[in-house]
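Each remark here refers to the structure printed beneath this line.
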Amino acid sequence: MTGRTSLTIVLAAGEGTRMRSATPKVLHPVAGQSLLAHVLGAAPKGSSASLAVVIGPDHKGVEEEAKRVRPDAATFIQHERLGTAHAVLAARDAIARGSDDLLIAFGDTPLISSATFDRLRAPLQGGATLAVLGFHAADPAGYGRLLVEDNRLVAIREQADASPAERAITLCNAGVMALDGRKALEIIEKIGNANSKREYYLTDVVTIVREMGLEAVVIETSEDEVRGINTKAQLAEAEQVMQSRLRKAALDAGVTMIAPETVYLAADTTFGKDVTIEPFVVIGPGVSISDGAVIHSFSHIVQASIGKKASVGPYARLRPGTSLGEGARIGNFVETKAATLEAGVKVNHLSYVGDAHVGANANIGAGTITCNYDGFGKHRTEIGAGAFVGTNSSLVAPVRIGSGAYIGSGSVITRDVPDDALAVERGQQTNREGGAKRYREIKTRGKAPKGG
Ligand code: UD1
Ligand code: CA
């Protein structure tokens, strides 16, 4: 689309009553991203592209989400919900600025791709005034039907106004269109509300364009790309479509998944080379997985970065702010949050590591807990490189365990432990001193003890 300017208007002012939710419809997630974020991500970008989002009067959250995803977006409030054409005119000021192509999309159609926006714009370049995105619906109920005569689009008929013969038509309006940006305002302002719902229907642009003696065309796409989401069932269907797209893209990029249909990815998940994801793994937003890392079964990961050759799970939970260094190992029933674990750290079993920094090659024994919350505030735990924390220890934050320090099993550490110190806060000392000695000897020979 070189040289042509565009304005994309995304309509997101609807209540979405059929979702039966207090959350505005377009903020519901598909693959870890709001419906709105998906649409805004697909809309044209760059210096020749402007973007406007029409939101409801009490939808501050929708406005924030629009700005978060596309800081360049202008937002307009539709004060009364009088229909899709009325909603477009809420962005009148943006339209009046005049662009070559005016694109209109709905915030509840998250599977749309940027390639489809380009395909819709092509006919305008060829002289058409309007291009409407159409698809054959398996069940057309609820969609506007495209009335085509002699290969020419002549009207869009909404379900409520359609005759039985028109209702039998399966070619439907996807809700996305491209209009000649210089004529758009004049055309949309002609739309009235003489229909069964007394709404201003954007779909009436077709007959108006025809009456003006101008050209309107249909561009077809697959139903999967334009599923409109009005209900929770449709939200779940869109999730399935999106997940199969993301799984395929991951497999194409070289990720090994022997049961991809059991793995849930987010739209922004990134992978290095030779990543393996075992069955039944759930990955939320903000996750990057580096070369050679393995995610074992039943792990749940959100906003985390996983270093090269790291190993996670089975049954691990990595919460937001987790960063694993190269070769780090997180075993079963381990939870991490806001924690950086440097290269070679091992937390193999049954531990909680939160608000913490763990230096390289430290070994955190089974049942270790960073006690980060004292009932009032969160506090940090520092564990130095090469430290050994014996099983079933409680590290009461704020606390620092020195590098190379040795914490005997069952310790409750409430004060900082100097580098290379032996710390035993409770219980019998003798065994632990022996353990610390053996640990140091093995470490000086370059071999850490197994397990922990
Ligand atoms: C609309 C189309 C229909 C099409 C279908 C595709 C119209 C009249 N009908 O029907 O032809 O087949 O989408 O999914 O255009 N909105 C506002 N303000 C309003 C009304 C709606 O912002 O006053 C927004 C909604 O938030 C939504 C979009 O416009 O994002 C579509 O509205 P919706 O009520 O879902 O229209 P449909 O009945 O699905
Ligand atoms: Ca809809």
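Counting in the working numbering, the sequence shown runs from 13 upward without gaps. All C-beta atoms in this analysis are idealised placements derived from N, C-alpha and C, irrespective of residue type, glycine included.
(request) Using a threshold of 8 Å, state whether the C-beta atoms of L123 and M224 are closer than that. (result) Taking 8 Å as the Cβ cut-off, L123 and M224 do not qualify as a contacting pair.
(message) For P36, count the other beta carbons within 10 Å of its own beta carbon; 16 or more makes it buried, fewer makes it exposed. Which is it?
(response) Under this definition P36 is a buried residue.
(message) Quick check on DSSP: helix, strand or coil for G225?
(response) Three-state DSSP puts G225 in coil, outside helix and strand.
(request) Please work out which residues of its chain come closer than 6 Å, Cβ to Cβ, to V306, disregarding the five sequence neighbours upstream and downstream, and give them in chain order. (result) Around V306: T288 and S323.
(message) Using a Cβ-Cβ cutoff of less than 8 Å, which residues in the same chain neighbour N384 once the five nearest sequence positions on both sides are dropped?
(response) The residues are G366, D367, A368, K390, H391, R392, T393 and A409.
(message) Starting from T128, trace the alpha helix (DSSP H) in both directions and tell me its first and last residue.
(response) Its alpha helix (DSSP H) spans residues S126 to Q137.
(message) DSSP three-state label for E347, please.
(response) Looking at E347 - three-state DSSP - the assignment turns out to be strand.
(request) Taking 8 Å as the threshold, find out whether the region 269 to 276 comes into contact with the region 288 to 299 through three or more Cβ pairs. (result) Yes, the region 269 to 276 is in contact with the region 288 to 299.
(message) Let's see if you can read the secondary structure: which residues bound the alpha helix (DSSP H) around S256?
(response) Annotation: the continuous alpha helix (DSSP H) that includes S256 extends over K244 to D264.
(message) I'd like to know if the region 90 to 103 and the region 29 to 48 are in contact, where contact means that at least 3 CB-CB pairs between them fall below 8 Å.
(response) Flag = no, the region 90 to 103 and the region 29 to 48 do not touch.
(request) Rank E237, K195 and R210 by C-alpha distance to the C-alpha of V217 and give the top, closest one. (result) Comparing C-alpha distances from V217 to each of E237, K195 and R210 shows the shortest one belongs to K195.
(request) Go ahead and label L19 buried or exposed: buried means 16 or more other beta carbons lie within 10 angstroms of its beta carbon, across all protein chains shown. (result) Classification for L19: buried.
(message) Out of G422, V401 and L158, which one is the CA nearest neighbour of R412?
(response) Looking at G422, V401 and L158, the one whose alpha-carbon comes closest to that of R412 is V401.
(message) Threshold first: 3 residues or longer. Then list the beta strand (DSSP E) segments lying entirely within the region 165 to 246, N to C.
(response) Within the region 165 to 246, the complete beta strand (DSSP E) runs of at least 3 residues are 183 to 192 and 228 to 232.
(request) With DSSP as the reference, label L19 as helix, strand or coil. (result) L19 carries a strand assignment under DSSP once its states are collapsed to helix, strand and coil.
(message) With a threshold of 8 Å, are at least 3 pairs of Cβ atoms found where one atom belongs to the region 162 to 181 and the other to the region 249 to 264?
(response) Flag = no, the region 162 to 181 and the region 249 to 264 do not touch.
(request) Work out the CA separation of G284 and A448 for me, nearest whole Å. (result) Roughly 38 Å separates the two Cα atoms.
(message) Taking a contact to mean a Cβ-Cβ separation below 8 Å, would you say A328 touches A340 in this structure?
(response) Cβ atoms of A328 and A340: not closer than 8 Å.
(message) As a quick exercise: from L407, E92, D173 and G396, pick the residue whose alpha carbon is nearest that of N373.
(response) Closest option to N373, Cα to Cα, is G396.
(request) Verify whether the separation of the beta carbon atoms of L114 and V188 is less than 8 Å. (result) No, the pair does not count as a contact, with Cβ atoms beyond the cut-off.
(request) Select from V221, A153, A174 and D151 the residue whose C-alpha is nearest the C-alpha of V166. (result) For the residues V221, A153, A174 and D151, the minimum Cα distance to V166 belongs to V221.
(request) Note down the Cα distance separating D151 from V346, rounded to an integer number of angstroms. (result) One C-alpha to the other measures close to 46 Å.
(request) Could you tell me if A108 is buried or exposed, where buried requires 16 or more neighbouring beta carbons within 10 angstroms of its beta carbon? (result) With fewer than 16 Cβ atoms within 10 Å of its Cβ, A108 is classed as exposed.
(message) Please report the distance separating the alpha-carbon of Y451 from that of S256.
(response) Spanning the two alpha carbons is a distance of roughly 48 Å.
(message) Whole angstroms are fine: how far does the CA of A85 sit from the CA of L63?
(response) One C-alpha to the other measures close to 5 Å.
(message) By the DSSP assignment, the beta strand (DSSP E) with E161 in it spans what residues?
(response) Per DSSP, the continuous beta strand (DSSP E) segment holding E161 begins and ends at R157 to E161.
(message) If distances are taken between C-alpha atoms only, which option among N375, L47, R169 and P332 comes closest to G420?
(response) It is N375.
(request) Consult DSSP for Y276 and reduce its assignment to one of helix, strand or coil. (result) Correct three-state label for Y276: strand.
(request) Find out if the Cβ-Cβ distance for the pair L158, V144 is shorter than 8 Å. (result) In contact: L158 and V144 (Cβ atoms closer than 8 Å).
(request) Output yes or no for whether 8 Å exceeds the beta carbon distance between D120 and L47. (result) Yes, the Cβ-Cβ distance between D120 and L47 is below 8 Å.
(message) Quick check on V81: does DSSP put it in helix, strand or coil?
(response) Correct three-state label for V81: helix.
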